[in-house]
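So the structure is just underneath, and the comments pick up after that.
There are 2 protein chains.
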Amino acid sequence: MSEVRILPVAGLPEIAAGDDLGSMVAERVELEAGDVVVVTSKIVSKAEGCAIELADVTPSAFAEAWASTWDKDPRVVEVVLQQSRRVVRQAGPVLITETHHGFVCANSGVDQSSSGAHERILTLPGDPDASARRIRAALRALGHQVAVVVTDTFGRPWREGQTDIAIGVAGIHPLRSYIGEVDPHGHEFRVQEICVADELAAAGELVKGNTSRVPVAVIRGFEYEPDEDATIAPVLRDASRDLFR
Amino acid sequence: MSEVRILPVAGLPEIAAGDDLGSMVAERVELEAGDVVVVTSKIVSKAEGCAIELADVTPSAFAEAWASTWDKDPRVVEVVLQQSRRVVRQAGPVLITETHHGFVCANSGVDQSSSGAHERILTLPGDPDASARRIRAALRALGHQVAVVVTDTFGRPWREGQTDIAIGVAGIHPLRSYIGEVDPHGHEFRVQEICVADELAAAGELVKGNTSRVPVAVIRGFEYEPDEDATIAPVLRDASRDLFR
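So the sequences go chain by chain: A and B. Numbered per the numbering used here, the first sequence finishes at 261, counting up by one with no gaps. Numbered per the numbering used here, the second sequence finishes at 261, counting up by one with no gaps.
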């Protein structure tokens, strides 16, 4: 193993719908073959126009009632519910949902901050793997052979503090398997699969931060398994195997 | 934000009880002030002699019965139960416990691989914060002002693949708070706290790997909040706030 570097990509302007993120990144960092470009989903949502005007939202009676109980905006609650396929936990003011993509997170990943106006909220990209593929294709068209990971900041059970995780990938298999490998003593490893996509997302957050306006990181020197058909699907545990859904 | 580097610490020998990990690390990497030394708990357990001879274990009737149902070693099951204060989920062959430290993980973090003999298993360090403090003190005695994170590889709900997380810290506050900060539009951040200790653990795994015999990584260039009295306690969500316990 050799050194891995995490490079912040600074200087990106406020992202608007239609922006070509790949080109904008390539202009601001000298990419090398094998780099992993880690992109915060918020700017992907902005580039893809995943904004909802609250004035256009009509809350359901269910959303109205719960929002009233917990002093929330019923239109935001409505969007959260529409972005979900199932409520996983609804306890006090907390709403944990399973999104249409299959991510389990607070408020379906809907973001009311930094969306440019109080009356507008951002949703997660509709297909973050497709988003990652588009960014990767734009970079490839400029001559850069890289992988792309689209990230979001999620909470988790049992532990305080959120971490960045992967919600979409392109060009990199998200898992590293140790199945069938043995240690020097001939034992199988306790670890069977490592979610390298999530570890890359977490590493990227160390230089991105949430206030620093650095929504992209480049990770250099990490040897990953290339996968032209990669998606985040192998990371999403099937409900039949899940003890906490 | 500037670049963050993740350096593997190679060349460590097999660790034995009583080994001084701090000195062994310092001999193999040029440490700089402000580095974060990320240490896999397995070598901490070995250095601290956290090994249990299975020949010395007498399984309870409960451990015997469940082990028999799922073709497990009843002595290992007994150790897993003894290392826990509560069973969180027991479903099929899966046993998710809350350890005496308060970590929720599979099999109380007990490791039957790489422990030097099939008839011996390794448990997590009894007090990983104290372990981190000891390593940090040894490094400080050699003139190195660093922080230390002790890690283990845990699974998580909803997502396949494990990731490295922090189980002990020294000299670094494990959380980065955004509470009360506002974005350029005056909104509070959706993110309230980031668990930087877990992100550092995940980043370290990118160069450590689980087969590569690189149990230590050094992370350089990350600006953390120094905390002489740091512990992992703020990361452990209180059961009263937890929807998945």
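Even glycine gets a Cβ: it sits at the ideal position worked out from N, Cα and C.
Closer than 6 Å by C-beta to residue i: which residues in its own chain qualify, once you throw out the five before and the five after it? Chain order, please.
| i | result |
| --- | --- |
| A/D180 | T167, T169, A217, A218 and E221 |
| A/R91 | L70, V73 and P75 |
| A/P109 | W86 |
| B/V9 | Absent from the model: residue 9 of chain B. The displayed extent of chain B is 17 to 261, so no value can be given. |
| B/K62 | I31 |
| B/E215 | none |
Checking contacts by CB at 8 Å: is residue i closer than that to chain A?
| i | result |
| --- | --- |
| B/A128 | First, the amino acid is wrong: residue 128 of chain B is Gln here, not Ala. Cβ-Cβ to chain A under 8 Å: yes for B/Q128. |
| B/G261 | The sequence shown places Arg at residue 261 of chain B, rather than the Gly named in the question. At least one chain A Cβ lies under 8 Å of B/R261. |
| B/T169 | yes |
| B/F205 | yes |
| B/I210 | yes |
| B/E135 | no |
| B/L191 | yes |
| B/T215 | Residue identity differs from the one stated: residue 215 of chain B is Glu in this sequence, not Thr. Closer than 8 Å to some Cβ of chain A, the Cβ of B/E215 qualifies, so yes. |
| B/H244 | The sequence shown places Glu at residue 244 of chain B, rather than the His named in the question. Chain A contact via Cβ: absent. |
| B/D258 | yes |
Between the options, which has its C-alpha nearest residue i's C-alpha?
| i | options | result |
| --- | --- | --- |
| B/P24 | B/A182, B/E94, B/L259 and B/L47 | B/L47 |
| B/I278 | B/G27, B/L37 and B/S18 | Because chain B in this structure spans residues 17 to 261, residue 278 of chain B falls outside the shown range and cannot be described. |
| A/R136 | A/E215, A/A249 and A/A67 | A/A67 |
| B/A182 | A/T139, A/V185, A/G177 and A/A182 | A/G177 |
| B/V185 | B/I248, B/G196, B/V230 and B/I31 | B/I248 |
| B/G34 | B/T85, B/F260 and B/E64 | B/E64 |
| A/A42 | A/G118, A/C121, A/V95 and A/Q161 | A/Q161 |
| B/E244 | B/E204, B/R253 and B/A153 | B/A153 |
| B/A213 | B/W82, B/V96 and B/V55 | B/V55 |
| B/S57 | B/L140, B/V95 and B/W82 | B/L140 |
| B/L252 | B/G118, B/E19, B/S39 and B/R261 | B/G118 |
| B/A107 | B/W86, B/Q99 and B/S100 | B/W86 |
| A/G142 | A/D254, A/G225, A/K224 and A/Q98 | A/Q98 |
| B/R175 | A/E19, A/F260 and A/A81 | A/F260 |
| B/R105 | B/G225, B/A146, B/P173 and B/P231 | B/P173 |
| B/V223 | A/V230, A/Y240, A/K224 and A/G225 | A/Y240 |
| A/A146 | A/V60, A/D254 and A/S39 | A/V60 |
| B/V230 | B/V93, B/V120, B/E94 and B/R44 | B/R44 |
Should residue i be labelled buried (16 or more other beta-carbon atoms within 10 Å of its own) or exposed?
| i | result |
| --- | --- |
| A/P29 | exposed |
| A/P144 | buried |
| B/R102 | exposed |
| A/G27 | exposed |
| B/R21 | buried |
| A/P242 | exposed |
| B/S267 | Not covered by the structure: residue 267 of chain B. The range shown for chain B is 17 to 261. |
| A/R257 | exposed |
| A/G171 | buried |
| B/S100 | buried |
| A/A77 | exposed |
| A/A79 | buried |
Using a C-beta cutoff of 8 Å, does residue i count as contacting chain B?
| i | result |
| --- | --- |
| A/S18 | yes |
| A/C66 | no |
| A/G187 | no |
| A/G177 | yes |
| A/L23 | yes |
| A/F238 | yes |
| A/L158 | no |
| A/L140 | no |
| A/L252 | yes |
| A/A218 | yes |
| A/V93 | no |
Keeping to the same chain, check which residues put their C-beta closer than 7 Å to that of residue i; ignore five residues upstream and five downstream.
| i | result |
| --- | --- |
| A/A246 | V185, A186, G187, I188, H189 and P190 |
| A/V15 | Here chain A covers residues 17 to 261 and nothing more, so residue 15 of chain A does not appear. |
| B/C211 | P190, L191 and V251 |
| B/M40 | L28 |
| B/Q128 | V92 and I137 |
Any beta carbon from chain E within less than 8 Å of residue i's own beta carbon?
| i | result |
| --- | --- |
| B/A107 | Absence of chain E from the displayed structure is noted, the protein chains being A and B. |
What residues in its chain sit with their C-beta under 8 Å from that of residue i, if we drop five residues either side in the sequence?
| i | result |
| --- | --- |
| A/V198 | E204 and F205 |
| B/Q208 | S193, Y194 and I195 |
| B/K88 | W82 and P109 |
| B/A255 | R261 |
| B/V120 | V104, I112, T113, E114 and R261 |
| B/N226 | T169 |
| A/S18 | G237 |
| A/E94 | V73, T74, P75, S76 and A79 |
Report task. Would you be able to state if there are at least three C-beta pairs under 8 Å between the stretch 32-52 of chain A and the stretch 230-239 of chain A? Result -> Judged by Cβ distances under 8 Å, the stretch 230-239 of chain A makes contact with the stretch 32-52 of chain A, as three or more pairs qualify.
Note to self: Quick test of the definition: if touching needs 3 or more C-beta pairs under 8 Å, does the stretch 153-167 of chain B touch the stretch 157-164 of chain A?
What the structure shows: The stretch 153-167 of chain B is not in contact with the stretch 157-164 of chain A.
Taking 8 Å as the cut-off, does the stretch 102-114 of chain A touch the stretch 178-193 of chain B (at least 3 CB pairs, one atom from each stretch)?
As far as the Cβ criterion goes, the stretch 178-193 of chain B does not touch the stretch 102-114 of chain A, which means the pair count is below three.
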